[in-house]
Amino acid sequence: ISLGQEPDLTKSTDELKNAYETDTGNPYLEWLLFNFGRYLLVGSAPGVLPANLQGKWGRDLSNPWGADYHANINLQMNYWFAEMTNMNLVKPMFDYIEKTWVPRGTETAQTLYSISRGWVTHNEMNIFGHTGMKLFQNSAQSANYPECGSWMAIHIWDHFDYTNDVEWWKTQGYPLIKGHAQFQLDKLIADDHFNDSSLVVAPCNSPEQAPITFGCSHAQQLIWQLFNAVEKGFEAAGDTDTAFLEEVRQKRAQMDKGIHIGSWGQLQEWKLDMDNPSDTHRHLSHLIGLYPGYAIANYDPAVQAPPNHSKTYTKQQVFEAARISLIHRGVGTGPDADSGWEKMWRSAAWAQFGNATGFYHELTYSIERNHAVNLFSMYDPNPSPPDRIFQIDANLAYPAVVLNGLLQAPDVPSLSTPLVVTILPALPSNWQTGFIKGARIRGAMIVDLSWSKGKPTSVTIKADEGSPARLVQVIYAGKTVKSFKSSGAQTQNIRF
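Residues 463 to 958 in the working numbering are what the sequence shown lists, from first letter to last.
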(Lines of atoms letter the chains of each structure in order from A; the text may use other names.)
(Lines give C-alpha, C1' and ligand atoms only; values in the text may rest on other atoms or scores of the structure.)
Protein backbone atom coordinates (compact mmCIF):
# COMPACT_ATOMS: atom_id res chain seq x y z
CA ILE A 463 0.00 0.00 0.00
CA SER A 464 1.05 3.59 -0.60
CA LEU A 465 -0.66 6.64 0.85
CA GLY A 466 1.49 9.04 -1.10
CA GLN A 467 3.88 9.22 1.84
CA GLU A 468 7.29 10.87 1.66
CA PRO A 469 9.61 9.06 4.09
CA ASP A 470 11.32 11.37 6.55
CA LEU A 471 14.46 9.49 7.48
CA THR A 472 15.87 12.43 9.42
CA LYS A 473 13.41 11.99 12.30
CA SER A 474 13.02 9.15 14.77
CA THR A 475 9.67 7.52 15.39
CA ASP A 476 9.17 9.36 18.66
CA GLU A 477 9.84 12.70 16.94
CA LEU A 478 7.30 11.87 14.24
CA LYS A 479 4.75 10.84 16.85
CA ASN A 480 5.27 13.87 19.09
CA ALA A 481 4.82 16.22 16.13
CA TYR A 482 1.65 14.45 14.95
CA GLU A 483 -1.66 16.37 15.14
CA THR A 484 -5.29 15.36 14.70
CA ASP A 485 -6.75 16.19 11.26
CA THR A 486 -3.39 17.56 10.07
CA GLY A 487 -1.93 14.07 10.00
CA ASN A 488 1.22 12.75 8.36
CA PRO A 489 0.88 10.17 5.55
CA TYR A 490 4.31 8.74 6.34
CA LEU A 491 3.47 7.95 9.98
CA GLU A 492 0.05 6.68 8.91
CA TRP A 493 1.73 4.36 6.39
CA LEU A 494 4.16 3.16 9.06
CA LEU A 495 1.26 2.31 11.38
CA PHE A 496 -0.41 0.26 8.64
CA ASN A 497 2.68 -1.91 8.25
CA PHE A 498 3.33 -1.94 11.99
CA GLY A 499 -0.14 -3.43 12.54
CA ARG A 500 0.61 -6.22 10.10
CA TYR A 501 3.93 -6.90 11.84
CA LEU A 502 2.26 -7.09 15.26
CA LEU A 503 -0.21 -9.74 14.11
CA VAL A 504 2.54 -11.74 12.41
CA GLY A 505 4.47 -11.61 15.67
CA SER A 506 1.47 -12.52 17.81
CA ALA A 507 -0.26 -15.29 15.94
CA PRO A 508 1.99 -17.80 14.18
CA GLY A 509 1.61 -20.43 16.90
CA VAL A 510 -1.22 -22.42 18.41
CA LEU A 511 -3.17 -19.59 20.07
CA PRO A 512 -4.77 -16.43 18.69
CA ALA A 513 -3.63 -12.92 19.58
CA ASN A 514 -4.90 -11.76 22.98
CA LEU A 515 -5.35 -8.25 24.40
CA GLN A 516 -1.61 -7.60 24.51
CA GLY A 517 -0.44 -9.89 21.72
CA LYS A 518 2.81 -11.23 23.13
CA TRP A 519 3.99 -7.92 24.53
CA GLY A 520 2.54 -8.13 28.03
CA ARG A 521 4.71 -6.04 30.33
CA ASP A 522 4.14 -7.88 33.56
CA LEU A 523 3.60 -11.41 34.82
CA SER A 524 -0.03 -10.47 35.44
CA ASN A 525 -1.37 -8.14 32.74
CA PRO A 526 -4.52 -6.00 32.55
CA TRP A 527 -7.67 -8.10 32.11
CA GLY A 528 -5.41 -11.14 32.39
CA ALA A 529 -4.27 -10.65 28.77
CA ASP A 530 -7.35 -12.73 27.98
CA TYR A 531 -9.74 -13.08 25.06
CA HIS A 532 -12.49 -10.46 25.10
CA ALA A 533 -14.81 -11.57 22.30
CA ASN A 534 -17.32 -8.73 22.34
CA ILE A 535 -15.09 -6.56 20.09
CA ASN A 536 -11.41 -6.99 20.96
CA LEU A 537 -10.59 -10.48 19.68
CA GLN A 538 -12.58 -9.83 16.53
CA MET A 539 -10.90 -6.47 15.95
CA ASN A 540 -7.50 -8.16 16.15
CA TYR A 541 -8.34 -10.07 12.96
CA TRP A 542 -10.35 -7.53 10.97
CA PHE A 543 -7.60 -6.99 8.42
CA ALA A 544 -6.17 -10.51 8.12
CA GLU A 545 -8.32 -11.69 5.20
CA MET A 546 -8.28 -8.31 3.45
CA THR A 547 -4.49 -8.11 3.37
CA ASN A 548 -3.99 -11.73 2.31
CA MET A 549 -2.35 -12.78 5.58
CA ASN A 550 -2.88 -16.44 6.35
CA LEU A 551 -2.89 -16.01 10.13
CA VAL A 552 -6.42 -16.97 11.14
CA LYS A 553 -6.03 -20.73 11.60
CA PRO A 554 -4.81 -20.54 15.22
CA MET A 555 -8.01 -18.67 16.10
CA PHE A 556 -10.25 -21.27 14.48
CA ASP A 557 -8.28 -24.13 16.06
CA TYR A 558 -8.63 -22.43 19.45
CA ILE A 559 -12.41 -22.17 19.01
CA GLU A 560 -12.67 -25.79 17.90
CA LYS A 561 -10.53 -27.19 20.72
CA THR A 562 -11.75 -25.03 23.62
CA TRP A 563 -15.01 -23.20 22.94
CA VAL A 564 -16.82 -26.11 21.31
CA PRO A 565 -16.26 -28.93 23.84
CA ARG A 566 -16.59 -26.75 26.94
CA GLY A 567 -19.23 -24.58 25.32
CA THR A 568 -21.38 -27.63 24.69
CA GLU A 569 -21.37 -28.24 28.45
CA THR A 570 -22.10 -24.57 29.13
CA ALA A 571 -25.08 -24.60 26.77
CA GLN A 572 -26.58 -27.50 28.70
CA THR A 573 -25.67 -26.22 32.17
CA LEU A 574 -26.70 -22.58 31.83
CA TYR A 575 -29.49 -22.76 29.25
CA SER A 576 -30.65 -26.40 29.24
CA ILE A 577 -29.93 -26.44 25.51
CA SER A 578 -28.63 -29.77 24.27
CA ARG A 579 -27.78 -28.73 20.71
CA GLY A 580 -24.66 -26.82 19.81
CA TRP A 581 -22.24 -24.71 21.83
CA VAL A 582 -21.93 -21.28 23.41
CA THR A 583 -19.28 -19.16 25.05
CA HIS A 584 -19.34 -15.82 26.84
CA ASN A 585 -17.05 -12.84 27.09
CA GLU A 586 -13.58 -12.96 28.68
CA MET A 587 -12.20 -16.40 27.89
CA ASN A 588 -8.81 -17.90 28.68
CA ILE A 589 -6.57 -20.50 27.05
CA PHE A 590 -8.05 -23.33 29.13
CA GLY A 591 -11.53 -23.35 27.65
CA HIS A 592 -13.53 -21.26 30.12
CA THR A 593 -16.86 -20.62 28.37
CA GLY A 594 -19.20 -19.71 31.23
CA MET A 595 -20.15 -16.32 32.58
CA LYS A 596 -17.27 -14.74 34.43
CA LEU A 597 -18.17 -13.74 37.97
CA PHE A 598 -17.22 -10.11 38.54
CA GLN A 599 -18.75 -6.85 39.64
CA ASN A 600 -21.46 -5.88 37.12
CA SER A 601 -21.46 -9.56 36.19
CA ALA A 602 -24.45 -9.60 33.86
CA GLN A 603 -23.47 -6.34 32.19
CA SER A 604 -20.05 -7.68 31.23
CA ALA A 605 -20.52 -11.45 31.17
CA ASN A 606 -24.04 -11.97 29.79
CA TYR A 607 -22.85 -12.21 26.22
CA PRO A 608 -23.68 -15.55 24.56
CA GLU A 609 -23.22 -13.93 21.13
CA CYS A 610 -19.43 -14.35 21.16
CA GLY A 611 -19.79 -17.29 18.81
CA SER A 612 -22.23 -15.39 16.61
CA TRP A 613 -19.71 -12.59 16.09
CA MET A 614 -16.84 -15.02 15.54
CA ALA A 615 -19.02 -16.73 12.93
CA ILE A 616 -18.50 -13.60 10.79
CA HIS A 617 -14.77 -14.36 10.73
CA ILE A 618 -15.35 -18.04 10.07
CA TRP A 619 -17.64 -17.31 7.14
CA ASP A 620 -15.32 -14.54 5.91
CA HIS A 621 -12.39 -16.96 5.66
CA PHE A 622 -14.37 -19.15 3.29
CA ASP A 623 -15.81 -16.17 1.41
CA TYR A 624 -12.35 -14.66 0.86
CA THR A 625 -10.48 -17.88 0.05
CA ASN A 626 -13.01 -20.43 -1.26
CA ASP A 627 -11.14 -23.08 0.71
CA VAL A 628 -13.83 -25.73 0.36
CA GLU A 629 -11.96 -28.50 2.18
CA TRP A 630 -11.38 -26.30 5.22
CA TRP A 631 -15.01 -25.17 5.11
CA LYS A 632 -16.26 -28.76 5.12
CA THR A 633 -14.01 -29.98 7.90
CA GLN A 634 -13.76 -27.01 10.26
CA GLY A 635 -15.51 -23.79 9.22
CA TYR A 636 -19.04 -24.99 8.59
CA PRO A 637 -19.21 -27.39 11.56
CA LEU A 638 -18.23 -24.50 13.86
CA ILE A 639 -20.95 -22.26 12.45
CA LYS A 640 -23.58 -25.00 12.42
CA GLY A 641 -22.96 -25.89 16.05
CA HIS A 642 -23.40 -22.34 17.28
CA ALA A 643 -26.40 -21.76 15.00
CA GLN A 644 -28.10 -24.77 16.58
CA PHE A 645 -27.66 -23.19 19.99
CA GLN A 646 -29.10 -19.86 18.87
CA LEU A 647 -32.04 -21.58 17.17
CA ASP A 648 -33.01 -23.13 20.50
CA LYS A 649 -32.43 -19.93 22.47
CA LEU A 650 -34.76 -17.63 20.51
CA ILE A 651 -38.16 -17.13 22.11
CA ALA A 652 -41.41 -15.42 21.15
CA ASP A 653 -41.70 -11.71 21.92
CA ASP A 654 -44.71 -11.69 24.23
CA HIS A 655 -44.15 -8.05 25.19
CA PHE A 656 -44.85 -6.50 21.80
CA ASN A 657 -46.73 -9.63 20.71
CA ASP A 658 -45.58 -8.96 17.16
CA SER A 659 -45.04 -12.58 16.04
CA SER A 660 -41.27 -12.15 16.21
CA LEU A 661 -38.55 -14.21 17.87
CA VAL A 662 -36.05 -12.46 20.15
CA VAL A 663 -33.06 -13.09 22.36
CA ALA A 664 -33.88 -12.85 26.08
CA PRO A 665 -32.35 -11.93 28.39
CA CYS A 666 -29.72 -9.79 26.70
CA ASN A 667 -27.83 -6.57 27.08
CA SER A 668 -25.75 -4.55 24.67
CA PRO A 669 -22.11 -5.56 25.34
CA GLU A 670 -20.89 -4.12 28.64
CA GLN A 671 -23.91 -1.86 28.91
CA ALA A 672 -27.13 -2.17 30.90
CA PRO A 673 -30.07 -2.64 31.03
CA ILE A 674 -30.80 -6.34 30.82
CA THR A 675 -33.77 -6.68 28.51
CA PHE A 676 -34.79 -8.55 25.32
CA GLY A 677 -34.38 -8.18 21.59
CA CYS A 678 -31.10 -6.23 21.80
CA SER A 679 -30.23 -4.90 18.34
CA HIS A 680 -26.64 -6.16 18.49
CA ALA A 681 -27.67 -9.76 19.16
CA GLN A 682 -30.53 -9.77 16.66
CA GLN A 683 -28.35 -8.40 13.83
CA LEU A 684 -25.57 -10.89 14.53
CA ILE A 685 -27.82 -13.93 14.70
CA TRP A 686 -29.54 -12.90 11.47
CA GLN A 687 -26.13 -12.75 9.78
CA LEU A 688 -25.20 -16.11 11.36
CA PHE A 689 -28.27 -17.76 9.85
CA ASN A 690 -27.46 -16.22 6.46
CA ALA A 691 -23.96 -17.72 6.63
CA VAL A 692 -25.47 -21.15 7.26
CA GLU A 693 -27.64 -20.93 4.16
CA LYS A 694 -24.90 -19.45 1.97
CA GLY A 695 -22.45 -22.19 2.93
CA PHE A 696 -24.82 -25.15 3.24
CA GLU A 697 -24.32 -26.58 -0.25
CA ALA A 698 -20.54 -26.09 -0.33
CA ALA A 699 -20.28 -27.89 3.01
CA GLY A 700 -22.03 -30.94 1.60
CA ASP A 701 -24.54 -30.88 4.47
CA THR A 702 -27.55 -33.12 3.89
CA ASP A 703 -29.42 -32.03 7.04
CA THR A 704 -32.23 -30.28 5.19
CA ALA A 705 -34.39 -30.19 8.32
CA PHE A 706 -31.75 -28.01 9.98
CA LEU A 707 -31.60 -25.70 6.96
CA GLU A 708 -35.37 -25.35 6.89
CA GLU A 709 -35.41 -24.50 10.60
CA VAL A 710 -32.78 -21.81 9.99
CA ARG A 711 -34.83 -20.33 7.18
CA GLN A 712 -38.06 -20.42 9.15
CA LYS A 713 -36.70 -18.82 12.31
CA ARG A 714 -34.65 -16.31 10.36
CA ALA A 715 -37.84 -15.12 8.67
CA GLN A 716 -39.64 -14.94 12.00
CA MET A 717 -36.92 -13.31 14.11
CA ASP A 718 -36.69 -9.62 14.86
CA LYS A 719 -33.86 -8.27 12.68
CA GLY A 720 -32.61 -5.68 15.20
CA ILE A 721 -33.45 -2.65 13.04
CA HIS A 722 -35.72 -0.10 14.72
CA ILE A 723 -35.77 3.70 14.46
CA GLY A 724 -36.50 5.50 17.71
CA SER A 725 -38.11 8.67 18.97
CA TRP A 726 -35.16 10.99 18.28
CA GLY A 727 -34.32 9.48 14.91
CA GLN A 728 -31.71 7.04 16.25
CA LEU A 729 -31.16 3.43 15.39
CA GLN A 730 -32.30 1.83 18.60
CA GLU A 731 -29.83 -0.10 20.71
CA TRP A 732 -32.66 -2.09 22.24
CA LYS A 733 -36.03 -3.15 20.93
CA LEU A 734 -37.55 -0.93 23.57
CA ASP A 735 -37.11 2.72 22.62
CA MET A 736 -35.01 3.83 25.58
CA ASP A 737 -31.76 5.14 24.08
CA ASN A 738 -30.20 8.12 25.82
CA PRO A 739 -29.02 10.81 23.35
CA SER A 740 -26.14 11.58 25.74
CA ASP A 741 -24.87 7.99 25.82
CA THR A 742 -21.27 8.05 24.54
CA HIS A 743 -20.48 4.46 25.50
CA ARG A 744 -17.26 3.08 24.02
CA HIS A 745 -18.96 0.21 22.17
CA LEU A 746 -20.89 0.76 18.93
CA SER A 747 -22.77 -2.47 19.53
CA HIS A 748 -26.05 -1.62 17.79
CA LEU A 749 -24.07 -0.42 14.74
CA ILE A 750 -22.32 -3.76 14.24
CA GLY A 751 -24.39 -4.14 11.08
CA LEU A 752 -22.71 -1.01 9.72
CA TYR A 753 -19.19 -2.25 10.39
CA PRO A 754 -17.85 -4.90 10.45
CA GLY A 755 -21.19 -6.51 9.64
CA TYR A 756 -23.66 -5.77 6.86
CA ALA A 757 -27.17 -5.82 8.38
CA ILE A 758 -27.11 -2.01 8.12
CA ALA A 759 -24.47 -1.49 5.42
CA ASN A 760 -26.46 -3.62 2.98
CA TYR A 761 -29.89 -3.24 4.54
CA ASP A 762 -32.61 -4.70 2.34
CA PRO A 763 -36.25 -4.19 3.37
CA ALA A 764 -37.25 -7.14 1.22
CA VAL A 765 -35.49 -9.56 3.56
CA GLN A 766 -35.18 -7.57 6.81
CA ALA A 767 -38.72 -6.37 7.36
CA PRO A 768 -40.34 -7.66 10.58
CA PRO A 769 -42.56 -10.76 10.33
CA ASN A 770 -45.81 -8.77 10.35
CA HIS A 771 -44.36 -5.90 8.25
CA SER A 772 -45.49 -3.41 10.91
CA LYS A 773 -42.38 -1.26 10.45
CA THR A 774 -40.68 -1.28 7.09
CA TYR A 775 -37.85 1.19 6.51
CA THR A 776 -35.96 2.19 3.41
CA LYS A 777 -32.19 1.78 3.29
CA GLN A 778 -31.85 5.56 3.32
CA GLN A 779 -33.91 5.80 6.52
CA VAL A 780 -31.83 3.10 8.23
CA PHE A 781 -28.58 4.76 7.15
CA GLU A 782 -29.70 8.12 8.48
CA ALA A 783 -30.75 6.59 11.81
CA ALA A 784 -27.36 4.86 12.10
CA ARG A 785 -25.62 8.15 11.28
CA ILE A 786 -27.56 9.93 14.02
CA SER A 787 -26.61 7.21 16.50
CA LEU A 788 -22.95 7.47 15.51
CA ILE A 789 -22.96 11.24 16.02
CA HIS A 790 -24.49 10.92 19.47
CA ARG A 791 -22.00 8.21 20.43
CA GLY A 792 -19.25 10.82 20.45
CA VAL A 793 -15.63 10.68 19.37
CA GLY A 794 -14.42 7.94 21.70
CA THR A 795 -13.61 9.97 24.81
CA GLY A 796 -16.68 9.29 26.94
CA PRO A 797 -16.69 9.03 30.73
CA ASP A 798 -16.47 5.22 30.57
CA ALA A 799 -13.25 5.01 28.51
CA ASP A 800 -10.79 6.84 26.29
CA SER A 801 -9.32 3.99 24.32
CA GLY A 802 -7.78 3.74 20.89
CA TRP A 803 -9.93 0.84 19.71
CA GLU A 804 -13.20 2.74 20.16
CA LYS A 805 -11.88 5.56 17.96
CA MET A 806 -10.81 3.03 15.34
CA TRP A 807 -14.30 1.55 15.26
CA ARG A 808 -15.78 5.01 14.85
CA SER A 809 -13.36 5.78 12.04
CA ALA A 810 -14.39 2.64 10.15
CA ALA A 811 -18.06 3.49 10.69
CA TRP A 812 -17.62 6.99 9.24
CA ALA A 813 -15.87 5.49 6.23
CA GLN A 814 -18.91 3.28 5.70
CA PHE A 815 -20.96 6.46 5.26
CA GLY A 816 -18.42 7.77 2.75
CA ASN A 817 -17.55 10.56 5.17
CA ALA A 818 -13.85 11.25 4.63
CA THR A 819 -13.78 14.00 7.26
CA GLY A 820 -15.19 11.81 10.02
CA PHE A 821 -13.06 8.86 8.94
CA TYR A 822 -9.78 10.79 8.99
CA HIS A 823 -10.62 12.74 12.14
CA GLU A 824 -11.14 9.63 14.24
CA LEU A 825 -8.15 7.89 12.69
CA THR A 826 -5.78 10.80 13.38
CA TYR A 827 -7.36 11.50 16.78
CA SER A 828 -6.55 7.97 17.87
CA ILE A 829 -2.97 8.30 16.66
CA GLU A 830 -2.37 11.58 18.45
CA ARG A 831 -4.21 10.72 21.64
CA ASN A 832 -3.77 6.98 22.12
CA HIS A 833 -0.51 5.93 20.50
CA ALA A 834 2.75 5.98 22.43
CA VAL A 835 6.05 7.08 20.90
CA ASN A 836 6.86 3.46 20.01
CA LEU A 837 3.43 3.38 18.24
CA PHE A 838 1.84 0.97 20.75
CA SER A 839 -1.81 1.87 21.33
CA MET A 840 -2.59 2.91 24.89
CA TYR A 841 -5.96 2.02 26.37
CA ASP A 842 -6.10 5.22 28.41
CA PRO A 843 -3.88 8.20 27.51
CA ASN A 844 -4.42 10.04 30.79
CA PRO A 845 -2.37 8.16 33.42
CA SER A 846 1.30 9.05 33.42
CA PRO A 847 3.87 6.43 32.41
CA PRO A 848 4.64 3.75 33.45
CA ASP A 849 0.99 3.14 34.31
CA ARG A 850 -0.45 3.49 30.81
CA ILE A 851 -1.93 0.22 29.53
CA PHE A 852 -0.89 -1.17 26.17
CA GLN A 853 -3.75 -2.91 24.38
CA ILE A 854 -3.06 -4.29 20.92
CA ASP A 855 -6.52 -4.15 19.34
CA ALA A 856 -6.29 -0.57 18.02
CA ASN A 857 -2.94 -1.37 16.41
CA LEU A 858 -4.42 -4.42 14.72
CA ALA A 859 -7.63 -2.64 13.73
CA TYR A 860 -5.68 0.13 12.06
CA PRO A 861 -4.90 -1.61 8.71
CA ALA A 862 -8.54 -2.67 8.32
CA VAL A 863 -9.78 0.83 9.08
CA VAL A 864 -7.39 2.41 6.56
CA LEU A 865 -8.52 -0.06 3.90
CA ASN A 866 -12.17 0.66 4.68
CA GLY A 867 -11.59 4.26 3.69
CA LEU A 868 -10.10 3.14 0.38
CA LEU A 869 -11.93 -0.05 -0.63
CA GLN A 870 -15.20 -1.53 0.59
CA ALA A 871 -16.99 -4.76 -0.29
CA PRO A 872 -19.30 -5.64 2.62
CA ASP A 873 -21.02 -9.00 2.79
CA VAL A 874 -24.50 -9.66 1.43
CA PRO A 875 -27.39 -11.77 2.75
CA SER A 876 -27.46 -14.09 -0.25
CA LEU A 877 -24.88 -15.21 -2.81
CA SER A 878 -27.35 -14.21 -5.53
CA THR A 879 -27.10 -10.59 -4.38
CA PRO A 880 -24.43 -8.63 -6.30
CA LEU A 881 -21.24 -7.89 -4.41
CA VAL A 882 -20.83 -4.11 -4.42
CA VAL A 883 -17.18 -2.99 -4.52
CA THR A 884 -16.81 0.70 -3.70
CA ILE A 885 -13.49 2.33 -4.49
CA LEU A 886 -12.13 5.36 -2.61
CA PRO A 887 -15.33 5.76 -0.55
CA ALA A 888 -13.74 8.07 2.05
CA LEU A 889 -10.41 9.22 0.63
CA PRO A 890 -8.83 11.92 2.84
CA SER A 891 -7.39 14.97 1.13
CA ASN A 892 -4.01 14.07 2.67
CA TRP A 893 -3.83 10.88 0.60
CA GLN A 894 -4.09 12.42 -2.86
CA THR A 895 -1.94 9.81 -4.55
CA GLY A 896 -1.48 6.15 -3.73
CA PHE A 897 -2.10 2.52 -4.54
CA ILE A 898 -3.16 -0.82 -3.10
CA LYS A 899 -1.76 -4.06 -4.48
CA GLY A 900 -2.99 -7.56 -3.65
CA ALA A 901 -5.95 -6.72 -1.42
CA ARG A 902 -8.46 -9.55 -1.13
CA ILE A 903 -12.23 -9.18 -1.32
CA ARG A 904 -15.12 -11.61 -1.11
CA GLY A 905 -15.62 -14.17 -3.81
CA ALA A 906 -11.92 -15.15 -3.68
CA MET A 907 -10.87 -12.10 -5.67
CA ILE A 908 -7.79 -9.86 -5.57
CA VAL A 909 -7.89 -6.11 -6.16
CA ASP A 910 -5.21 -3.68 -7.30
CA LEU A 911 -6.20 -0.01 -7.08
CA SER A 912 -4.32 3.17 -7.90
CA TRP A 913 -5.29 6.82 -7.65
CA SER A 914 -3.80 10.23 -8.37
CA LYS A 915 -4.92 13.77 -7.51
CA GLY A 916 -7.68 12.32 -5.38
CA LYS A 917 -9.27 10.26 -8.18
CA PRO A 918 -8.89 6.63 -9.26
CA THR A 919 -6.71 5.88 -12.26
CA SER A 920 -7.07 2.10 -12.50
CA VAL A 921 -8.67 -0.91 -10.84
CA THR A 922 -7.86 -4.56 -11.55
CA ILE A 923 -9.97 -7.36 -10.10
CA LYS A 924 -8.79 -10.92 -10.58
CA ALA A 925 -10.66 -14.01 -9.42
CA ASP A 926 -8.73 -16.97 -8.06
CA GLU A 927 -8.62 -20.17 -10.07
CA GLY A 928 -11.69 -22.21 -9.17
CA SER A 929 -13.48 -19.33 -7.44
CA PRO A 930 -17.29 -19.32 -7.55
CA ALA A 931 -19.20 -17.14 -9.98
CA ARG A 932 -20.32 -13.88 -8.37
CA LEU A 933 -22.18 -10.86 -9.67
CA VAL A 934 -20.03 -7.78 -9.01
CA GLN A 935 -20.74 -4.06 -9.25
CA VAL A 936 -17.85 -1.59 -9.03
CA ILE A 937 -18.92 1.79 -7.66
CA TYR A 938 -17.08 5.10 -7.62
CA ALA A 939 -18.58 8.42 -6.49
CA GLY A 940 -22.04 6.87 -6.28
CA LYS A 941 -22.03 5.58 -9.86
CA THR A 942 -21.53 2.10 -11.28
CA VAL A 943 -18.37 2.04 -13.38
CA LYS A 944 -18.53 -1.65 -14.23
CA SER A 945 -20.75 -4.70 -13.69
CA PHE A 946 -19.61 -8.23 -14.39
CA LYS A 947 -19.88 -11.85 -13.36
CA SER A 948 -16.66 -13.14 -11.89
CA SER A 949 -15.32 -16.60 -12.63
CA GLY A 950 -12.14 -18.51 -12.00
CA ALA A 951 -8.93 -16.77 -13.10
CA GLN A 952 -10.87 -14.03 -14.88
CA THR A 953 -9.42 -10.50 -14.77
CA GLN A 954 -11.33 -7.26 -15.04
CA ASN A 955 -9.45 -4.06 -15.85
CA ILE A 956 -10.98 -0.64 -15.32
CA ARG A 957 -9.31 2.57 -16.46
CA PHE A 958 -10.40 6.10 -15.62
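Built from N, CA and C at the ideal position, the CB exists for glycine as well.
It should be emphasised that the depicted structure is a prediction, and the values quoted were computed from it without experimental measurement.
Residue from A856, N480, R902, Q952 whose Cα sits closest to the Cα of N536: Taking the Cα of N536 as reference, the smallest distance to any Cα among A856, N480, R902, Q952 is reached at A856.
Under 7 Å between C-beta atoms of D718 and S725: No, these two residues do not count as a Cβ contact at 7 Å.
Start and end residues, alpha helix (DSSP H) containing C610: Here the alpha helix (DSSP H) through C610 covers 610-625.
Three CB pairs or more closer than 8 Å across the region 748-764 and the region 797-804: No contact exists between the region 748-764 and the region 797-804.
Boundaries (first-last residue) of the alpha helix (DSSP H) holding A810: Its alpha helix (DSSP H) spans residues 802-814.
Environment of F590 [buried if 16+ CB atoms lie within 10 Å]: So F590 ends up on the exposed side.
Element boundaries [alpha helix (DSSP H), containing M549]: Boundaries cannot be given for M549, as no alpha helix (DSSP H) includes it and DSSP labels it neither H nor E.
Those residues which DSSP pairs with S839 across a bridge: DSSP, once it has assigned bridges, lists H833 as partnering S839.
N-terminal and C-terminal residue of the alpha helix (DSSP H) that K713 is part of: 704-716 is the extent of the alpha helix (DSSP H) around K713.
Contact between the region 866-884 and the region 551-567 (3+ Cβ pairs under 8 Å): Counting Cβ pairs under 8 Å, fewer than three are found: no touch.
Through-space distance from Q853 to T484, alpha-carbon basis: Each residue's Cα considered, the two are about 21 Å apart.
Reduced DSSP secondary structure (H/G/I, E/B, other) of D873: Of the three classes helix, strand and coil, the one that applies to D873 here is coil, per DSSP.
Nonlocal neighbours in the same chain, by C-beta distance under 6 Å from N626, ignoring five residues either side: Here the set comprises A906, S929.
Local Cβ density within 10 Å of D800, reported as buried at 16 or more and exposed below that: When all chains shown are included, D800 counts as buried.
Start-to-end residues for the beta strand (DSSP E) that takes in Y938: First-last of the beta strand (DSSP E) with Y938: 932-938.
Exposure label - K947; buried when at least 16 CB within 10 Å: Residue environment: K947 is assigned as exposed (fewer than 16 neighbouring CB atoms within 10 Å of its CB, all protein chains considered).
Neighbourhood of T562 by C-beta, 6 Å cutoff - its chain only, sequence neighbours within 5 removed: Closer than 6 Å at Cβ, skipping near neighbours: G591.
Cβ neighbour criterion (16 or more within 10 Å) applied to P890: Classification of P890: buried, given that the 10 Å Cβ count is 16 or more.
Closest Cα partner of H680 within the set P489, A481, Q687, S668: Per the Cα distances, S668.
Which listed residue (N955, Q894, A507, M549) has its alpha carbon closest to that of P489: Closest option to P489, Cα to Cα, is Q894.
As assigned by DSSP and simplified to three states, the class of Y501: Y501: helix per DSSP, three-state reduction.
Unbroken alpha helix (DSSP H) run spanning A698, endpoints: Bounds of the alpha helix (DSSP H) holding A698 are 679-699.
Cβ pair count under 8 Å reaching 3, the region 635-648 against the region 577-597: Enough Cβ pairs lie closer than 8 Å, so yes.
Boundaries of the alpha helix (DSSP H) in which V780 is found, first to last residue: Here the alpha helix (DSSP H) through V780 covers 777-790.
Local conformation of P861 per DSSP, three classes: Looking at P861 - three-state DSSP - the assignment turns out to be helix.
Rounded C-alpha distance that separates S464 from Y575: So the alpha carbons of these two residues sit roughly 50 Å apart.
C-alpha gap between V662 and T475, whole angstroms: One C-alpha to the other measures close to 50 Å.
Contact check, K924 vs I908, beta carbons under 7 Å: Taking C-beta atoms as the reference points, K924 and I908 count as a pair closer than 7 Å.
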